[in-house]
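Taking it in order: structure first as structure tokens, then the write-up.
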Amino acid sequence: MGKYSGDFSSLSMFSSIPVINIIVCLLIVIGGIGFIVWKDIYDYKFNFKKYRLQSKVVIIMSIILIILPGMYFFFFEFNELTLKERILVSIFQSITPRTAGFNTVNLNGVSEVGLIILVILMLIGGSPGSTAGGMKTSTIAVICASIISVFKNKGNAELFKKRISDENVKKAFAIFFLYLFIFLFSGLIISKIENVSVLSGLFETASAIGTVGLTLGITPTLGLVSKIILIMLMFFGRIGGLTLIYATLGEGKKQFYNYPLEKIMVG
Numbered sequence: 002m003g004k005y006s007g008d009f010s011s012l013s014m015f016s017s018i019p020v021i022n023i024i025v026c027l028l029i030v031i032g033g034i035g036f037i038v039w040k041d042i043y044d045y046k047f048n049f050k051k052y053r054l055q056s057k058v059v060i061i062m063s064i065i066l067i068i069l070p071g072m073y074f075f076f077f078e079f080n081e082l083t084l085k086e087r088i089l090v091s092i093f094q095s096i097t098p099r100t101a102g103f104n105t106v107n108l109n110g111v112s113e114v115g116l117i118i119l120v121i122l123m124l125i126g127g128s129p130g131s132t133a134g135g136m137k138t139s140t141i142a143v144i145c146a147s148i149i150s151v152f153k154n155k156g157n158a159e160l161f162k163k164r165i166s167d168e169n170v171k172k173a174f175a176i177f178f179l180y181l182f183i184f185l186f187s188g189l190i191i192s193k194i195e196n197v198s199v200l201s202g203l204f205e206t207a208s209a210i211g212t213v214g215l216t217l218g219i220t221p222t223l224g225l226v227s228k229i230i231l232i233m234l235m236f237f238g239r240i241g242g243l244t245l246i247y248a249t250l251g252e253g254k255k256q257f258y259n260y261p262l263e264k265i266m267v268g
């Protein structure tokens, strides 16, 4: 496999074996979409219209996050591989970053753009109520719906003709920026103290906070401080942002009043 083989090979020796790739990919997807989705699938089979909103959002987001990155990897990466290997490797690499941590290629052979896509997938993670980490597919869907509602000058975010509450929108943005800040801050610290590229540092922190387990090979050489940072990120990513905040700070007192409203210019 040329530049795509090497240390930290994981499942790279099976990259051309369809059965292993398909089984592992299916297990990753099954574990990552959540039990609520599987309950709806069990109850309503292929009657998609009867699914709960969360199930619809999770399924559509999961399909998008498999197809679009997979198309990029197929057309712009892994050109040295045979057609069959490119198809299998591209699909596998689009699925595994959001929860599993396996890889069928040496990721050091992937371009910087490809690595950034992997970082984004690791940060998004799986879906609520699943075995996956990350900020979750539903969080990204709510944020996208909120942004679209602003562009269309609508009063509320909407998904599948259902209105999303302002509370859910606020939580989605809070989770997004919390993950983004911790991921960027930790990655820059590791990059600085370990004298590695910024992308390498960010890749490690995205993998840790997303509880994924992928690496570019620098993890064994990291110092004590960097390893402690990664341990804390894995702990944070496994518990979840809002859970950790509520556990440490509490939910706060309920506010029975509102301050006077005043507009401020943004944008």
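First residue of the sequence shown: 2, per our numbering; consecutive thereafter.
The beta carbon of each residue, even a glycine, is placed where N, CA and C say it ideally should be.
Since this is a predicted model, take the numbers as computed values, not measurements.
In this structure, does DSSP put E168 in helix, strand or coil?
Within the sequence shown, numbered from 1, the residue matching residue 168 stands at position 167. Looking at E168 - three-state DSSP - the assignment turns out to be helix.
Are N104 and S11 touching if we call contact CB-CB under 9 Å?
Translated into the one-based positions of the sequence shown, residue 104 becomes position 103. Translated into the one-based positions of the sequence shown, residue 11 becomes position 10. Taking 9 Å as the Cβ cut-off, N104 and S11 qualify as a contacting pair.
When DSSP builds the beta bridges, which residues end up paired with E159?
Your numbering for residue 159 matches position 158 in the sequence shown. Assignment of beta-bridge partners to E159 by DSSP yields R164.
Is G103 helix, strand or coil by DSSP?
Counted from its first residue, the sequence shown places residue 103 at position 102. Per the sequence shown, the amino acid found at residue 103 is Phe instead of Gly. In the structure shown, F103 sits in coil (DSSP, three-state: anything other than H, G, I, E or B).
Start and end residues, alpha helix (DSSP H) containing Q94:
Taking the sequence shown and counting its residues from 1, the one referred to as residue 94 is at position 93. Taken as a continuous stretch (DSSP letters only), the alpha helix (DSSP H) holding Q94 covers L84 to I96.
Three-state secondary structure assigned by DSSP to E257
Counted from its first residue, the sequence shown places residue 257 at position 256. Correcting the residue identity first, residue 257 is Phe in this sequence and not Glu. In the structure shown, F257 sits in coil (DSSP, three-state: anything other than H, G, I, E or B).
When you compare only the Cα positions, how much space is there between A101 and F257?
Position 100 of the sequence shown, counted from the start, is the residue given in the question as residue 101. Position 256 of the sequence shown, counted from the start, is the residue given in the question as residue 257. C-alpha separation (whole angstroms): 44 Å.
On the criterion of 16 or more Cβ atoms from any shown chain inside 10 Å, does R99 qualify as buried, or is it exposed?
Translated into the one-based positions of the sequence shown, residue 99 becomes position 98. Buried, since its Cβ has 16 or more Cβ neighbours within 10 Å.
Count the other CB atoms within 10 Å of the CB of D44; is the residue buried (16 or more) or exposed (fewer)?
As a first step, residue 44 must be located in the sequence shown, where it is residue number 43. Label assigned to D44: exposed.
By the 10 Å Cβ neighbour count, where 16 or more other Cβ atoms means buried, how is M14 classified, buried or exposed?
For the purposes of this step, residue 14 is identified with residue 13 of the sequence shown, where counting begins at 1. Answer is exposed; the Cβ neighbour count stays below 16.
Check for me: the alpha helix (DSSP H) holding M235 runs from which residue to which?
By one-based count along the sequence shown, residue 235 stands at place 234. L225 to I240 is the extent of the alpha helix (DSSP H) around M235.
Same chain only: Cβ atoms within 7 Å of I190, ignoring 5 sequence neighbours per side:
Taking the first residue of the sequence shown as 1, we reach residue 190 at position 189. I230, listed in sequence order.
Using the beta-carbon count (16 or more within 10 Å), is D41 buried or exposed?
Here residue 41 refers to the residue found at position 40 when the sequence shown is read from its first residue. Buried: at least 16 other Cβ atoms inside 10 Å.
Got a sec? Which residues, its chain only, sit under 7 Å from T1 by beta carbon, not counting five neighbours each side?
Given a span of 2 to 268 for the chain in the structure shown, any question on residue 1 remains unanswerable.
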